[in-house]
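Asks: Take 53 as the starting number for the sequence shown in our numbering and just add one per residue.
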Amino acid sequence: MLTKHKVYELINQLPDTFSVDELVDELLLWQNIEKARTQVKNREVTAEAPVQPAVFAM
């Protein structure tokens, strides 16, 4: 979940001039990283080794 504080931090890290697309990219990146961290914390991830055979079998 985004907070005003986190959005403010992200905006402050951007250059003085930026596009809306760049801002959206940063927000989506942060959201995906936070989602992945939550999944790892909740053990909702699968190790790469068991996944590889299933992916390559497709």
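Glycine included, every Cβ here is placed at the ideal spot set by N, Cα and C. Owing to the predicted nature of the structure, the values given are computational and were not obtained by experimental measurement.
Would E78 and L62 qualify as a contact pair, given that the criterion is a beta-carbon distance under 8 Å?
Replies: Contact: yes.
Asks: Can you tell me whether DSSP reads A59 as helix, strand or coil?
Replies: Ala is not the amino acid found at residue 59; the sequence shown has Val there. Reduced to three states, the DSSP call for V59 is helix.
Asks: For Q83, which residues in the same chain have their Cβ closer than 8 Å to its Cβ, ignoring the five residues on either side in sequence?
Replies: Correct list, in chain order: L54.
Asks: Do F66 and L80 have their C-beta atoms within less than 8 Å of each other?
Replies: Sequence inspection shows Leu at residue 66; the Phe mentioned does not correspond to that position. Cβ atoms of L66 and L80: not closer than 8 Å.
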